[in-house]
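Going by my numbering, the sequence shown opens with residue 854, and the numbers climb by one from there. Working notes, beginning with the structure itself.
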Amino acid sequence: MTNTEEIEDSSAPLIEHLAELRTRLIRSVIAFVVGIVLAFTVAEPILQFLVQPIEATLRDLGDPSPTLQYTSPQEYLFTLFRISMVFGFALAFPVISYQLWRFVAPGLYRSEKGAFLPFLIASPFMFMLGAAFAQFVVTPLAMQFFLGFADVSSIFANLLSATTGDVPEEIVVVPETTEGVKITFFGKVNESLDITLKFILAFGLCFQLPVLLTLMGKAGLVSAEGLGSVRKYAMVGILVLAALVTPPDVITQAILFVVVYGLYEVSIFLVARVEKKREDQLRADGFYDDEEEADEEIVQEEEDK
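This is the structure:
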């Protein structure tokens, strides 16, 4: 066989892999586009759902008609399109993950497939759990903290308070005040949505911590003992993370710290279970010697003394 034939034979599998990758990417992009179109048809109800914590807070502050504004002609359309992209990806994720699995699975052993597939399923579940926690717990607390500084939650509340029986119903008069400047909230729809999406993304990603560390533990990259020994550094890192991904209020940062550190402790427990299961399997296969392990522990204890 000539050198040219050897090169052609070695390049054939690469071309096949690239063709397979192109097919998987095309199908994923098509699924993403379809997801965007479907999400765009319900983008406005999704927007109402996302800003519901702001609405509830404004009503609690006395605003009878909570209002968000946009200041450029294209802003509202782009806001809906942004929502469509985020939720379109969520709709298309099962298809995208399936295409990823079909591309990677042929190169994995059966045991590796059994190890990888549960994490592929657990990852979106944990992200949805973190997103739900952000939407129903964190965002309402943050909105109460931020909007609680305003004297009047909306100028519309001031306008209504000025209406009297002597004035026709179609006319509304702005009342005179002698108490200084009124602090009012004129929220922009894109900025309000940006805060909500940041919370959802931050907590969704943070809830991936047990999945990531458990997968690394299964691959032998981390150990429960190693994770436990760096707890104090992990606490500092989590505090820095909370300061970076959340607004500058103590309540939200404290919630994120408690949640992420709790997930870190859960990760240590899960990694320890993975290690125990791996040791039991090695012991059953005859590759694990309890006597050698005991000798190593005795030597280690003597060195520590």
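For every residue, glycine included, the Cβ atom is placed at its ideal position computed from N, Cα and C. In this text the structure is predicted, and so the values were computed from the model without any measurement.
In this structure, DSSP gives Q922 an extended state, which the three-state scheme calls strand. Inclusion of T1067 and F998 in the CB contact set at 9 Å is not warranted, their separation being larger than that value. Taken through DSSP and simplified to helix, strand or coil, G1081 comes out as helix.
Linking G1073 to S1045 through their CA atoms gives a straight-line distance of about 43 Å. DSSP places G1115 in the helix class (H, G or I) of the three-state scheme. Taking C-beta atoms under 8 Å as the contact rule, I907 and G1040 qualify, at a distance of about 7 Å. Per DSSP, L1058 is one residue of the alpha helix (DSSP H) stretching across V1042 to C1059. Between the alpha carbons of Q905 and I1121 lies a distance of about 36 Å. Spatial neighbours of F893 in its own chain (CB-CB distance under 6 Å, excluding positions within 5 residues in sequence) are listed in chain order as S937.
Comparing alpha carbon positions, the residue from D1133, P947, C1059 and M1069 closest to I1108 is C1059. The DSSP-derived three-state label of S881 is helix.
F940 places its beta carbon 9 Å or farther from that of I883. DSSP places D913 in the uninterrupted alpha helix (DSSP H) bounded by Q905 to D913. Between G983 and the set V1124, E1128, G1115 and R1136, the nearest pair of CA atoms involves G1115. Under the criterion of beta carbons closer than 8 Å, R880 and Q952 qualify as touching, at roughly 5 Å.
Excluding five sequence positions before and after F986, the CB atoms of its chain that fall closer than 8 Å to its own CB belong to F1056, F1060 and V1112, given in chain order. Rounded to whole angstroms, the gap between the alpha carbons of P977 and Y1086 is 28 Å.
Boundaries of the alpha helix (DSSP H) around F999: T992 to L1000. Shortest Cα-Cα distance from T932 to any of L867, K1051 and E897 involves E897.
Within the same chain, and ignoring the five residues on either side of I1053 in sequence, the residues whose Cβ sits closer than 7 Å to its Cβ are A984, A987 and Q988. Taking the Cβ atoms as the reference, L1050 lies roughly 18 Å from T910, outside the contact range of under 8 Å. Straight across, the Cα-Cα distance linking R877 with P866 is about 16 Å.
Counting of Cβ neighbours within 10 angstroms places I1091 among the buried residues, the total reaching 16 or more. In the three-state reduction of the DSSP assignment, F1110 falls in the helix class, which pools H, G and I.
The C-beta of P919 has 16 or more other C-beta atoms within 10 Å across all chains shown, which makes the residue buried.
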